[in-house]
Structure formats: C-alpha cells, structure tokens
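>
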Amino acid sequence: MTEPAHGGGDSPLSVEEAASVEASVDAWLQDQLQTNPTVLTVDRGEPGQRRWYVRMAGEEKAVSTVWFTLGQRMLHCECHFMPAPEENAAQLYEYLLRRNRELAGLRFAIGVEDAVFLVAELPARAVSASEVDRLLGSFYAYSERWFRPCMRIGYQKRFNS
Numbered sequence: 005m006t007e008p009a010h011g012g013g014d015s016p017l018s019v020e021e022a023a024s025v026e027a028s029v030d031a032w033l034q035d036q037l038q039t040n041p042t043v044l045t046v047d048r049g050e051p052g053q054r055r056w057y058v059r060m061a062g063e064e065k066a067v068s069t070v071w072f073t074l075g076q077r078m079l080h081c082e083c084h085f086m087p088a089p090e091e092n093a094a095q096l097y098e099y100l101l102r103r104n105r106e107l108a109g110l111r112f113a114i115g116v117e118d119a120v121f122l123v124a125e126l127p128a129r130a131v132s133a134s135e136v137d138r139l140l141g142s143f144y145a146y147s148e149r150w151f152r153p154c155m156r157i158g159y160q161k162r163f164n165s
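Here it is as structure tokens:
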C-alpha cells in the first residue's frame, strides 16, 4: 500500500485519499485472511464506516480482536486485552504502566467498565501495508506475552485455586 500524496502534515484525507487507504487496508487484510493462519476472520463495520475487525487465534489468549478505524486524520486501533481485575487492581495497573515503557507504538489503557485495552494511533497518511502489519503483529505479540501474567495478578484467587 502506498502512502497517499498530500500537502499538509495533519490535514484531513481527501475523499479520494481515504478511499485509496481503505481499499489498500481491505486488500492487505484479505491477503492476511488467506495466507496467515493466525488471522481467523476479518469483518467490516457498518456500510459507510471505515472500520475493520480482525480476529486472531493465540496460544496464551485464545482469541484477540483488533479494531481498526480510519478517520480523517488518524487510524485508531484497539484490542480488548482483559476484563477489569477482580483483585490487586493497583498492582495490575502499576504492572501495565511499567510495560508501557517497553511497547513500540502501542500502550495499555483502561476503557469501559475498567477493562484493559491495548491501543494505538497512526496518522492516516502513514498507513501502509507494513505499518498495518507491524500494528497487527504488535497487538498479537503483546497479548501473547502479557495476557497470562496480567490475569494472574488481576485474578489471583482463580489461579491459586
């Protein structure tokens, strides 16, 4: 996917540029669906939305879904990492904040109902196949690496039973 031609640094994408980025993301994700056994499904948002849902199979975390939403200026990406902790919340949040220093381009965040998410944003003009690949791979790698340790902190009684 090539970066659309543009004038200003943070000006919104034109309708044509957004359509081009959308088509490129569609094509790349469909290729991943066909060639990458980790990618289980790729779904789209409602008609008129530039939104994709990518479900991936994992080992530590059975399934992860990454949402990509293309706006006029940014590609917003997020993945539900785990539900709100039942215990040791302060310890878990400290652990996550310390992990944020190690993340390349992603960060842990607390979302609705205190659930933990991995999130990222990329300027819309920087969207390319290699960047979407990097993001999807990072979501997968970080979920696999830190899901079990975080669950052990936030759900300690369940793991010690």
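If you're matching positions, the sequence shown starts at 5 in our numbering and goes up one per residue.
By construction, the Cβ of each residue, glycine as well, lies at the ideal position given by its N, Cα and C atoms.
(1) Under the three-state reduction of DSSP, which class applies to serine 147: helix, strand or coil?
(2) Looking only at C-alpha atoms, which of Tyr57, Arg77, Gln76, Met78 sits nearest to serine 68?
(3) Would the segment 35–51 and the segment 105–119 be scored as touching if the rule is three or more Cβ pairs under 8 Å?
(4) For tryptophan 32, list the residues DSSP reports as bridge partners.
(5) With a threshold of 8 Å between beta-carbons, can alanine 88 be considered close to chain C, or not?
(6) Nearest to alanine 130 by CA position, among Glu64, Leu74, Pro41, Met60, is which residue?
In short, the structure shows the following:
(1) helix
(2) Tyr57
(3) no
(4) Beta-bridge pairing links tryptophan 32 to no other residue.
(5) This model lacks chain C altogether; it includes just one protein chain.
(6) Leu74
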